[in-house]
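Residue numbers in the sequence shown follow full-length UniProt numbering, run continuously in steps of one, and reach 178 at the last position. As structure tokens, the structure follows; a few thoughts come after it.
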Amino acid sequence: VKAVSLLEYLDEYLNTGGFPDYPRAHNGLQVAGPSEVGRIAVAVDASEAVIQDATAGGADLLVVHHGLFWDGQTRILGPRFRKLRALIEGEMALYSSHLPLDAHAEVGNCAVLCRELGWTPQGRFGSYGDHDLGWWCETEIDGDALVKQLREVVQGPVRLIQGGSERIYRVGVVTGAG
């Protein structure tokens with residue numbers, strides 16, 4: 001597929017231009033690549049290991065949640081230099097979507113996590129600018145069962161902070177540090 005068509009689709013589908021992000025975050029195409037895209041890799045972070053694996057796997061485009069340019073740094077040194085060099089030498093484009101991906105109703109991190117937990121998103125909350133990032137869901141579960149379910153889905157550590165009733169009826173999901 002033509003890269004320009006795919007990138008336009010991603011920008012429109014994720015509402016990249018219409019969604020505010022942190023002042024120094026740069027969503028969308030961060031590093032240009034080939035004019036044709038045959039293979040796409042996806043990852044959370046544009047780490048050196050991810051970039052190396054994606055280029056070794058023949059990816060033409062790497063789509064990430066946390067790109068290279070979102071911390072206000074303007075100098076290309078050290079790890080950032082190595083990442084850029086690997087992208088350019090590997091002829092692979094880099095596309096980043098941070099808050100637009102967190103909030104997306106279909107493929108967003110919050111909505112997907114809700115569905116993976118077996119919950120149907122009911123409504124939005126947690127605004128940033130004019131956009132809500134999180135989803136709330138109705139469920140009926142006790143705290144220990146919720147922790148077990150979360151551990152299975154996220155495959156990582158989960159901590160329950162005790163308080164409130166033993167039964168949980170409404171859960172809010174916001175991914176990231178927010």
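Idealized CB from N, CA, C, for every residue including glycine.
A contact is defined here as three or more CB-CB pairs under 8 Å, and the region 57-65 meets this definition with respect to the region 89-100. For SER5, the enclosing alpha helix (DSSP H) begins and ends at 3-13.
Under the DSSP definition of a beta bridge, SER97 lacks any partner. In this structure VAL173 is in contact with GLY134, their Cβ atoms being roughly 6 Å apart against a cut-off of 8 Å.
For ARG159, the closest C-alpha among the options ARG167, VAL147 and ARG170 is that of VAL147. Comparing C-alpha distances from ASP60 to each of VAL112, ILE161, ALA86 and GLN162 shows the shortest one belongs to ALA86. Measuring C-alpha to C-alpha distances from SER127 to each of ALA3, LEU7 and PHE19 identifies PHE19 as the nearest. For LEU160, the three-state secondary structure derived from DSSP is coil. Taking a C-beta distance under 8 Å as the contact criterion, ARG167 and ASP142 qualify as a contact pair. Annotation: the region 110-161 contains the following complete segments of the beta strand (DSSP E) (minimum length 3 residues), in chain order: 121-128 and 131-142. Bounds of the alpha helix (DSSP H) holding ARG85 are 78-89. Around the beta carbon of ILE51, 16 or more other beta carbons sit within 10 angstroms, so the residue counts as buried. Between the region 3-16 and the region 73-80 there are fewer than three C-beta pairs closer than 8 Å, too few to call the two in contact.
The straight-line gap separating the alpha-carbon atoms of ALA56 and ALA41 is approximately 11 Å. Counting of Cβ neighbours within 10 angstroms places LYS83 among the buried residues, the total reaching 16 or more.
If you compare the alpha carbons of CYS110, VAL31, TRP119 and GLY108 with that of PHE81, the shortest gap goes to VAL31.
For the region 20-74, the continuous beta strand (DSSP E) assignments of 3+ residues that do not extend past its boundaries occur at 28-31, 40-45 and 61-66, in sequence order.
Non-local C-beta neighbours of LEU113 in its own chain, meaning closer than 6 Å and more than five positions away in sequence, comprise VAL173, ordered along the chain.
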